[in-house]
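Asker: Residue numbers (our numbering), protein chains in the order written: chain A, 54 to 233; chain B, 1365 to 1669.
1) Please return the same chain residues whose Cβ sits closer than 7 Å to the Cβ of residue 112 of chain A, not counting the five positions on each side in sequence.
2) Please list the terminal residues of the continuous alpha helix (DSSP H) segment that includes residue 1392 of chain B.
3) Could you round the C-beta distance between residue 1628 of chain B and residue 1606 of chain B to whole angstroms and report it? I think they count as a contact, below 8 Å.
4) Does the Cβ of residue 1506 of chain B have 16 or more other Cβ atoms within 10 Å, making it buried, or fewer, making it exposed?
5) For a contact meaning CB atoms closer than 7 Å, what does residue 166 of chain A contact in chain B?
6) So what's residue 1611 of chain B in DSSP terms, helix, strand or just coil?
7) Measure the Cβ-Cβ separation of residue 1650 of chain B and residue 1621 of chain B and say whether it is below 8 Å.
8) Give the single residue among B/1466, B/1639, B/1515, B/1398 whose Cα lies nearest to the Cα of residue 1529 of chain B.
9) Run down chain A in chain order and give the residues with a C-beta less than 8 Å from the C-beta of residue 1629 of chain B.
10) What distance in whole Å lies between the Cβ atoms of residue 1399 of chain B and residue 1405 of chain B, which are believed to be in contact at a cut-off of 8 Å?
11) Which two residues bound the contiguous alpha helix (DSSP H) that contains residue 210 of chain A?
12) How big is the Cα-Cα spacing for residue 144 of chain A and residue 203 of chain A?
13) Just list the residues that DSSP pairs residue 1523 of chain B with in beta bridges.
14) Beta-carbon separation of residue 1534 of chain B and residue 1518 of chain B under 8 Å?
15) Output the residue ranges of the beta strand (DSSP E) runs that lie fully inside the segment 1548-1614 of chain B and measure 3 residues or longer, sorted by chain position.
16) Note down the Cα distance separating residue 214 of chain A from residue 140 of chain A, rounded to an integer number of angstroms.
17) For residue 1534 of chain B, which residues in chain A fall below 9 Å Cβ to Cβ?
18) On the criterion of 16 or more Cβ atoms from any shown chain inside 10 Å, does residue 128 of chain A qualify as buried, or is it exposed?
19) Under three-state DSSP, which class holds residue 1543 of chain B?
20) Do you know offhand how far residue 163 of chain A's Cα is from residue 120 of chain A's?
21) Do you know how far the Cα of residue 209 of chain A is from the Cα of residue 1424 of chain B?
22) Quick one: which residues of the segment 176-201 of chain A get their C-beta closer than 7 Å to a C-beta of chain B? List them in chain order.
23) Along the segment 1424-1456 of chain B, where does the CB come closer than 7 Å to a CB of chain A? Name the residues.
24) Tell me the rounded alpha-carbon separation between residue 83 of chain A and residue 173 of chain A.
25) Return the CA-CA distance between residue 1572 of chain B and residue 1564 of chain B, expressed in angstroms with no decimal places.
26) How many whole angstroms separate the CB atoms of residue 1554 of chain B and residue 1593 of chain B, which I take to be in contact at a CB cut-off of 8 Å?
27) Look at the alpha carbon of residue 170 of chain A and the alpha carbon of residue 149 of chain A, and state the distance between them as a whole number of angstroms.
28) Grab me the residues of residue 110 of chain A's own chain with a C-beta within less than 8 Å of its C-beta, minus the 5 sequence neighbours each way, in chain order.
29) Roughly how many angstroms lie between the CA atoms of residue 1458 of chain B and residue 1444 of chain B, to the nearest whole one?
30) Verify the CB distance criterion: does residue 229 of chain A have a CB-CB separation below 8 Å to chain B?
31) Just verifying my parser: in three-state terms, what is the DSSP assignment at residue 196 of chain A?
32) Count the other CB atoms within 10 Å of the CB of residue 1575 of chain B; is the residue buried (16 or more) or exposed (fewer)?
33) Given this structure, state the Cα-to-Cα distance separating residue 131 of chain A from residue 77 of chain A, to the nearest angstrom.
34) Around the C-beta of residue 1511 of chain B, are 16 or more other C-beta atoms found within 10 angstroms, so that it is buried, or is it exposed?
35) Mind pulling the chain B residues with CB within less than 9 Å of residue 159 of chain A?
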């Protein structure tokens, strides 16, 4: 099942395609871009629907490059997000650490699925992430948020195919190589 | 007989297991959260990380600024002429008021001197631009592009051209965090414009309108009444527009009337705001006998200063 159109070398990699190792600078850059995307000033409906881009990028690298990006990196990145969002120190850090741990658990099998089925599994992780944040805020005395609170994780899951194709493009072997 | 080695060979060694790491970082986050909410130990750390984030936030503003610049540049002549005409009209319309203003101000100053009323607040203020609003759905906060380096102090009131927006709650070197009046922990002392009755406007969180709580059902309040700051808190100068009453629900079964208000300021779309300087001319707080108790009780009321 081909989900996204395969335009030239731009398209989802097939499960048996061997990707080149990602460059560390590319990982750092993509995480930085995720953080930037999270801090873009928007308001209204866009703000309510905006997914956590940083969590998505983080999740992708936790699955693809577990030796570079793991629980520790996720935690540090979460602290940055806490400051950027002016939330309780450690709230995102905890959520991202759990996210990275979840990725560690299912990373071996998730890549065998087509992208849309991966997205469903990603949705579960992202909702879990949101639930942790919700729990932390509850302990801190927050009231129950509107149901739209769970919209961003679901939008994030819908974006998963796009994000993973974008992030894997630089790692695809060159055309002249082993293309069948 | 030698025991069989059970350690992982160095080749496969990847440090502690993910579960161990999760436990370590999880406990660390919980400690951090505790230290942050209970004791506010981590404000310095936050300041340091905020400086790291600052370039990122500046970069973010660039595309928007560039767009505005280009759009302005290509703004049609017709538009400019229209704007010019409407501005002229406005100028004329305000003529009488402005002409009388100097005289009124002088008279006011004389009367105040006569009454020995000190100037209630300094009129200096800093214009700031909104950088972005917080993603956190549990609070109502936004960030502005000036901070301690521009002389902004935590606790200062923030207004826009239509009314009160909120209060500065945290100051970083180059930016500041503003808690909006709709935040759940924010309260603004107000006065009803029509009757002069004093009350307090409580924020109600994201997506809910602020309310005047603890108001008797018999209170003289009507839909459409405007609320002004009463100036009793020393944060906001008196007389700034805050909100308008949109709904008054008087339920005989309830002890208090439910009074729903709508903020007058463009709290979620204003781009330029004004941070008021702290009122320096307030008289010193009187010594209270039960000060320690009062402080304990009032912990959650008036957002942190």
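Note that the Cβ used here is the ideal one computed from N, Cα and C, for glycine as well.
Answerer: On the basis of the supplied data:
1) 152, 156, 175, 178
2) 1382-1398
3) 7 Å
4) buried
5) Neighbours of residue 166 of chain A on chain B: none; closest Cβ ~21 Å, over 7 Å.
6) strand
7) no
8) B/1639
9) Here the premise fails: no neighbours, minimum Cβ distance about 14 Å.
10) 5 Å
11) 204-221
12) 17 Å
13) B/1528, B/1638
14) yes
15) 1551-1556, 1562-1566, 1575-1579, 1590-1593, 1605-1613
16) 29 Å
17) 139
18) buried
19) strand
20) 17 Å
21) 21 Å
22) 189, 190, 193, 195, 196, 198, 199
23) 1424
24) 23 Å
25) 17 Å
26) 6 Å
27) 22 Å
28) 83, 84, 86, 87, 216, 220
29) 21 Å
30) Caution applies to residue 229 of chain A, whose pLDDT of 49 falls short of 50 and renders its modelled position unreliable; the value that the coordinates give is listed next. Judged by the 8 Å Cβ criterion, residue 229 of chain A is not in contact with chain B.
31) coil
32) buried
33) 19 Å
34) buried
35) Those within 9 Å of residue 159 of chain A in chain B number zero; the least Cβ separation is about 12 Å.
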